[in-house]
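For the sequence shown, the working numbering assigns the number 7 to the initial residue and increments by one for each residue that follows. By construction, the Cβ of each residue, glycine as well, lies at the ideal position given by its N, Cα and C atoms. Notes for the one structure printed next.
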Amino acid sequence: MEMSEISIDADLFWAAKELFVYPEEERLNQNRQNMLNLVQFTEGSDLTDIIEFKNLLKSGYFELEKLEVDFTRLFINGVPTAKAHPFAGWYMGDEIVFGESDRSILNFYAAYGLNYDLSQSIPADHILVELEFIAVMLEEYEKSRQGLYLKAVEEFIDGHVTKWVPFFAKEIRNHAETVFYRGAAMIVENLFNRVLKEIKGREIDG
7 MEMSEISIDA
17 DLFWAAKELF
27 VYPEEERLNQ
37 NRQNMLNLVQ
47 FTEGSDLTDI
57 IEFKNLLKSG
67 YFELEKLEVD
77 FTRLFINGVP
87 TAKAHPFAGW
97 YMGDEIVFGE
107 SDRSILNFYA
117 AYGLNYDLSQ
127 SIPADHILVE
137 LEFIAVMLEE
147 YEKSRQGLYL
157 KAVEEFIDGH
167 VTKWVPFFAK
177 EIRNHAETVF
187 YRGAAMIVEN
197 LFNRVLKEIK
207 GREIDG
């Protein structure tokens, strides 16, 4: 059976990755349209935070200093600790960064031909790396139309992402002081849920 076209693409995940990169005005403006496309893909909710996030992107007025402070509090060094740790191991009981979760995800990447640079300063189970992995898998699918890459995305989201990202997103929503990060949390969680549902609803050939 020929597989019908899938509406998701790698650009959605590259855009989602930008939500969790340290905020810089030029970069935010360069990626504003891609972020708006991401909102459009994941919307269908009238929740205030998503509406305000969309309006913020349209305006292009980010209040950079507030974003920088919020980013640092949430993801780096809040007092006494980051408010929303951006890597899976924290939510899975690892006592250290680069722990068991990191090793497990490194093996998963390798099974699909991706060798993560071990000299990187962030673990393989960091939200930035996981979003990039999915983007690369979707790019490979777009080039080859080999269903194994969609199966990798399905397995990764269903077997791993759903076990930690909802908790990560909840911590962001609970502690973020800016519309940008409250909206980002809801949008990235919606993205994973919608993509997983869509892939599961498709006939995937090998």
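Local conformation of residue i per DSSP, three classes
i, result
"H181", "helix"
"F162", "helix"
"D17", "helix"
"Q126", "coil"
"R200", "helix"
"L53", "coil"
"Y115", "helix"
"L120", "coil"
"Y155", "helix"
"A35", "According to the sequence as given, residue 35 is Asn; it is not Ala. N35 falls in the helix class under three-state DSSP."
"I102", "coil"
"E195", "helix"
"T168", "helix"
"T78", "helix"
"F26", "coil"
Beta-bridge partners of residue i, as assigned by DSSP
i, result
"G132", "Looking at the sequence shown, residue 132 is not Gly but His. Per DSSP, F93."
Contact under 9 Å by Cβ, residue i with residue j
i, j, result
"L112", "Y122", "yes"
"V142", "A21", "no"
"I140", "V201", "yes"
"M41", "L53", "no"
"L70", "E31", "yes"
"G95", "P129", "yes"
"V171", "I133", "yes"
"E148", "I205", "no"
"F68", "I14", "no"
"Y118", "Y155", "yes"
Own chain partners of residue i with C-beta closer than 7 Å, once the 5 adjacent residues on each side are dropped
i, result
"Y215", "With the chain represented from 7 up to 212, any question about residue 215 goes unanswered, as that position is not in the structure."
"G189", "D55, I56, E58 and F59"
"E49", "I56"
"Y187", "D76, L80 and I178"
"A88", "L80, F81 and I82"
"A90", "L80, F81, F174, E177, I178 and H181"
"D131", "F93, A94, G95, S107, D108 and I111"
"L120", "F139 and V142"
"D100", "E106 and S107"
"G66", "N35 and R38"
Contacts around residue i, its chain only, beta-carbon distance under 6 Å, and the 5 residues preceding and following it disregarded
i, result
"F173", "Y97"
"G105", "G95"
"K169", "none"
"E183", "D76"
Close-in-space but distant-in-sequence residues of the same chain around residue i (CB under 8 Å, 5 per side omitted)
i, result
"F1", "Since the first and last residues shown for the chain are 7 and 212, residue 1 lies out of range."
"E74", "Y28 and P29"
"V185", "D55, E58, F59 and L62"
Does the contact criterion of 3 or more C-beta pairs under 8 Å hold for the region 70-82 versus the region 192-200?
no
Three or more C-beta pairs closer than 8 Å, one from the region 23-41 and one from the region 161-168: is that the case here?
no
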